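**Student:** Starting off with a structure, shown below.
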Amino acid sequence: MKSFYITTAIDYVNGSPHLGHAYEKVLTDVIARFRRQMGDKVHFLTGVDEHGQKVQASAKKRGIPPQQFCDEVSAEFRALLPKLNISNDDFIRTTDERHKKVVRQVLQQLFEKGEIYKAEYRGFYSTRQEQFLQEKDRNPDGTWPELFGEVTEIVEANYFFKLKQYQEWLVEFLTKNENFIFPAFRQKQVVEFLKEPLNDLCISRPRERLEWGIPLPFDDGYVTYVWFDALLNYYSAVADLPGVWPATYHVIGKDILVPPHAVYWPIMLHAANIPLPQGIIAHGWWLQRGAKMSKSTGNALNPLDLVTEFGADAFRYFLIREMNVGQDSDFTRDQFLVRYNSELANNLGNLVNRTLNMTTRFAAGIVPAAEAIEDAEREVQTQWAKTRDEVIVLNEGFQFHAALERTMQFVTATNAYIERRAPWKLGKSTEANDQALLRTSLATMAEALRLAVALMQHVIPSTTTKINAVLGYTPGADWRAELDWSAKLSGAKVAEALVLFPRPAPPEKALAKV
RNA sequence: GCCAGAGUAGCUCAGUGGUAGAGCAGAGGACUCAUAAGCCUUUGGUCGCCGGUUCAAUCCCGGCCUCUGGCACCA
């Protein structure tokens with residue numbers, strides 16, 4: 008069984024989860040579920056990043072220990088996962104002892120190998136903001152913004168990782184592995200970035216300035232800062248699980264591709280003699296242009312509210328259907344409702360309901376066996392085979408939006424098939440041939456529905472389970488074996504009706520006047 | 001400024017060197033099993049602008065314009 012280890016970025020706990028966090032979890036989950044279905048042995052990791060200045064400051068502000076602060080916010084992020092039906096196998100926190108142990112090991116190893124050295128760092132420091140400033144922080148006239156208060160140039164000793172000496176190696180690696188980063192244009196960006204010389208990477212902060220972190224194993228006057236702490240979670244989480252590392256894919260936002268994941272991370276691993284991941288998937292951002300958001304008028308859209316209102320599956324469906332992985336997309340309630348109504352409710356949901364209804368009305372709720380296979384049936388079956396093959400390829404290439412589109416086309420074709428056969432007319436006939444056609448049409452629509460839904464299982468798992476249940480069907484363990492046109496449903500007892508995606512009530516205009 | 005992505009029907013987007021496509025929205029129709037859903041038909045586009053290559057360009061080349069994002073020791 009092929010091992011497939013996939014991760015999300017870990018979320019920084021200095022704030023509450025929002026749409027971007029949710030999307031990354033859903034996207035990664037869809038990939039993980041799809042690979043499981045394809046027979047891979049999947050390990051799916053997500054988690055939180057809990058160290059650093061901002062967390063330390065936020066905890067101090069509230070007068071509680073940093074760990075307590077982390078416990079509280081982390082719980083919020085963790086609670087998001089079941090809400091979105093995320094099938095992660097593990098959840099790592101950078102304050103976990105298992106993580107700290109590995110971080111210390113790797114740092115120690117690199118230090119002994121001479122990959123880390125101590126040097127003085129000179130820079131402009133803002134006491135008020137407790138941070139070093141950069142040239143780009145300056146006002147156009149060269150002064151420092153008021154926000155920073157008094158700015159002084161200071162010298163501070165820190166530890167540096169010899170990033171620069173691996174630049175050439177990384178360029179060569181990316182040349183040899185041209186599919187390391189998905190989508191491809193992101194890899195080009197990285198290569199462009201690497202045309203400028205790298206500097207060595209400062210990886211420590213003196214404890215006087217930052218207490219909340221993992222102490223350097225070779226100098227406990229310092230803690231390690233950001234990179235060796237956060238990035239190493241992918242490795243530390245599975246360090247004790249044989250056969251899982253290296254990761255197959257890291258799923259991240261485009262904002263943390265360059266330089267952290269595409270430059271620091273491969274070099275860190277290479278320097279530590281740890282195998283590199285197979286690839287990185289960099290997704291885009293959800294934008295909220297257009298939508299007028301105003302808290303004062305109470306019409307602010309929190310996308311996560313849609314989960315409560317319409318359910319996790321509808322939310323997942325929208326995110327995956329609407330976003331071309333790697334590109335940006337707009338998130339509006341109107342667009343959500345368009346997908347929800349036209350695709351989930353009208354096309355799919357209604358097919359479920361009418362299938363159940365007709366089977367109940369014309370066959371006493373028992374799916375008949377198909378008898379008279381004619382052109383109409385053959386065409387549906389042909390289209391199914393084509394749809395299935397295309398959709399699998401699209402999913403393998405992360406083209407989930409297109410895969411869902413094709414699947415919905417098949418659902419539409421099934422609806423059209425029903426119109427063509429018009430079972431409600433056949434039901435009024437006593438001709439033996441019409442009765443045979445009636446039974447055939449009921450069998451065909453039910454089977455088409457079963458199959459269509461199997462193709463959406465990784466995106467809308469709860470819905471798939473519900474539909475199988477009302478069809479009186481329990482799928483086998485081998486997903487791919489479920490994708491052949493069959494007579495599996497013959498004799499199944501179906502439910503009488505099921506409204507899966509109820510149409511939302513129209514806006515209550517009259518209510519506003521009251 | 002540099003780099004990348006994008007500019008195609010009202011909206012969201014596919015697309016190929018050879019008479020422009022889909023979904024949604026709009027219009028019309030036949031039907032009634034169904035969540036007033038579904039099905040069929042249909043209106044609609046100088047394919048950002050200007051040149052070039054070519055028998056032929058939306059698709060190739062050059063230039064320009066507009067929008068978005070990134071530009072490091074910052075999560």
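Residues 8 to 521 (our numbering) are what the first sequence spells out, left to right.
Ideal Cβ positions, reconstructed from N, Cα and C, are used throughout, including at glycine.
Because the structure is a prediction, the values reported are computed rather than measured.
1. Out of curiosity, what's the CA-to-CA distance linking K61 and P213?
2. Please state the DSSP three-state secondary structure of Y30.
3. Tell me which residues share the same chain as A370 and place their Cβ nearer than 6 Å to its Cβ, disregarding the 5 neighbours each side in the sequence.
4. Whole angstroms is fine: what's the gap from S301's alpha carbon to L248's?
5. Please state whether DSSP places H290 in a helix, a strand or coil.
6. Using only the alpha-carbon positions, how far apart do K495 and A455 sit?
7. Can you find the residues in the same chain that come closer than 6 Å, C-beta to C-beta, to K48, ignoring five residues on each side of it along the sequence?
8. Please name the residue in V359, A377, I274 whose C-alpha comes closest to that of T470.
9. Please list the terminal residues of the continuous beta strand (DSSP E) segment that includes Q138.
10. Only counting the same chain, and skipping five residues up and downstream in sequence, which positions put a Cβ closer than 7 Å to that of Y242?
11. Determine contact between the stretch 331-346 and the stretch 189-201, defined as no fewer than three beta-carbon pairs at a distance below 8 Å.
12. What's the C-alpha gap between C209 and V233?
13. Quick one: what does DSSP say E57 is sitting in, helix, strand or coil?
14. Should R533 go down as buried or exposed, given a rule of 16 or more other Cβ atoms within 10 Å for buried?
15. Could you work out which residue in A64, R100, C77, I71 is closest to L52 when comparing CA atoms only?
16. Give me whichever residues DSSP pairs with A164 in a beta bridge.
17. Opposite H106 in the DSSP bridges: which residues?
18. So F338 is in the alpha helix (DSSP H); what residue range does that whole segment cover?
19. Considering just the uninterrupted stretch of the beta strand (DSSP E) at S211, what are its terminal residues?
20. If L490 sits next to R395, beta carbons under 8 Å apart, how far is it from one beta carbon to the other, in whole angstroms?
21. Enumerate in chain order the residues of its own chain whose CB-to-CB distance from N364 is below 7 Å, with the five nearest sequence positions on each side excluded.
22. Give the straight-line distance between the Cα atoms of Y324 and W219, rounded to the nearest whole angstrom.
23. Ignoring anything shorter than 4 residues or poking outside the stretch 217-282, list the alpha helix (DSSP H) runs there in chain order.
24. Starting from the Cα of E175, find the closest Cα among I161, F200, H408, G228 and give me that residue.
25. If I follow the unbroken beta strand (DSSP E) through I13, where does it start and stop?
26. Which term fits W431, buried or exposed, when burial requires 16 or more other beta carbons within 10 angstroms of its beta carbon?
27. Quick check on Y229: buried or exposed, where buried means 16 or more other Cβ atoms within 10 Å of its Cβ?
28. Buried or exposed for D382, going by 16 or more other Cβ atoms inside 10 Å?
29. Measure the C-alpha to C-alpha separation of A319 and F405 and round it to an integer number of angstroms.
30. Which class does H50 belong to by DSSP, given the choice of helix, strand or coil?
31. Using the C-alpha atoms, what's the distance from P266 back to L34?
32. Quick one: using the 10 Å Cβ neighbour count with 16 as the cut-off for buried, is T182 buried or exposed?
33. Check the DSSP bridge columns for F317 and list the partner residues they point to.
34. From G291 to E412, what distance separates their C-alpha atoms?
35. Who does T564 pair with in a DSSP beta bridge?
36. Taking S497 as the reference, which of P222, P375, Y128, H25 has the closest Cα?
**Tutor:** In brief:
1. 16 Å
2. helix
3. L449
4. Residue placement at S301 is flagged as unreliable, the pLDDT there being 38, under the threshold of 50; a coordinate-derived value is accordingly withheld.
5. strand
6. 11 Å
7. M8, S10
8. V359
9. 138-140
10. V109, W252, I281
11. yes
12. 10 Å
13. coil
14. As displayed, the chain neither begins before 8 nor continues past 521, which places residue 533 out of reach and without an answer.
15. R100
16. E127
17. DSSP output for H106 lists no bridge partner at all.
18. From DSSP, F338 is part of no alpha helix (DSSP H); its letter is neither H nor E.
19. 211-213
20. 5 Å
21. A504
22. Looking at the two C-alpha atoms, the distance is approximately 39 Å.
23. For the stretch 217-282, whole alpha helix (DSSP H) runs of length 4 or above, ordered along the chain, are 234-237, 240-243, 272-278.
24. F200
25. 10-15
26. W431 should be labelled exposed.
27. buried
28. D382 comes out exposed.
29. Spanning the two alpha carbons is a distance of roughly 21 Å.
30. Residue state, collapsed to three classes: strand.
31. 22 Å
32. exposed
33. According to DSSP, F317 bridges with nothing at all.
34. 20 Å
35. The chain is shown from 8 up to 521; residue 564 falls before or after that span and cannot be answered.
36. P375
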